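Colleague: Residue numbers (our numbering): 637 to 768.
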Ligand code: FES
């Protein structure tokens, strides 16, 4: 498989793996009362807003009126709510085995998350891929 993005992709992957290892050692942070979430899209949309701590990224998207595809309605079975974590991966709840299985090994290793499963525990920035 050709690497279309060059070494930058590997550096981002290494950063995400490092964040994940540090988070695993520390355990999840306490749930804040409120936090900020930033959604970015491929089409250049950027939406930032304050949300209650501990809710899922999918609930955050609804709260901020950001379109995130979610065919199974948040049941962790379709994978269409996949988002890429740009910043703050260690401020999301840890991914459970079912989420990792639905994501697949490649997307899981890249640090992607399912918006319906990842709960915000601090300020995060995520990118919502354009599916269609
Ligand atoms: S909405 Fe289907 S896996 Fe998240």
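Ideal Cβ positions, reconstructed from N, Cα and C, are used throughout, including at glycine. The model shown is predicted, which means the values in this text are computed figures rather than measured ones.
Does DSSP put residue 735 in a helix, in a strand, or in coil?
Modeller: The answer is helix: DSSP assigns residue 735 an H, G or I state.
Colleague: Of all the options 685, 684, 645, 761, which has the alpha carbon lying nearest to the alpha carbon of residue 728?
Modeller: That would be 761, whose Cα lies nearest to the Cα of residue 728.
Colleague: Answer yes or no: do residue 672 and residue 685 have a C-beta to C-beta separation smaller than 8 Å?
Modeller: In this structure, residue 685 lies closer than 8 Å to residue 672 by Cβ.
Colleague: Is residue 713 near ligand 1 - that is, is its Cβ less than 7 Å away from at least one heavy atom of it?
Modeller: Yes, ligand 1 has a heavy atom inside 7 Å of this Cβ.
Colleague: Please classify residue 692 as buried or exposed, where buried requires at least 16 neighbouring CB atoms within 10 angstroms.
Modeller: It counts as buried.
Colleague: May I ask you to check if the CB of residue 751 is nearer than 7 Å to at least one heavy atom of ligand 1?
Modeller: Checking the Cβ of residue 751 against ligand 1 gives yes.
Colleague: Can the beta-carbon of residue 696 be found less than 8 Å from the beta-carbon of residue 738?
Modeller: No, the pair does not count as a contact, with Cβ atoms beyond the cut-off.
Colleague: Residue range of the beta strand (DSSP E) that residue 718 falls in?
Modeller: Run containing residue 718: 718-723, per the beta strand (DSSP E) assignment.
Colleague: Over the uninterrupted alpha helix (DSSP H) stretch that includes residue 643, give me the two end residues.
Modeller: Where residue 643 is concerned, the enclosing alpha helix (DSSP H) stretches over 643-662.
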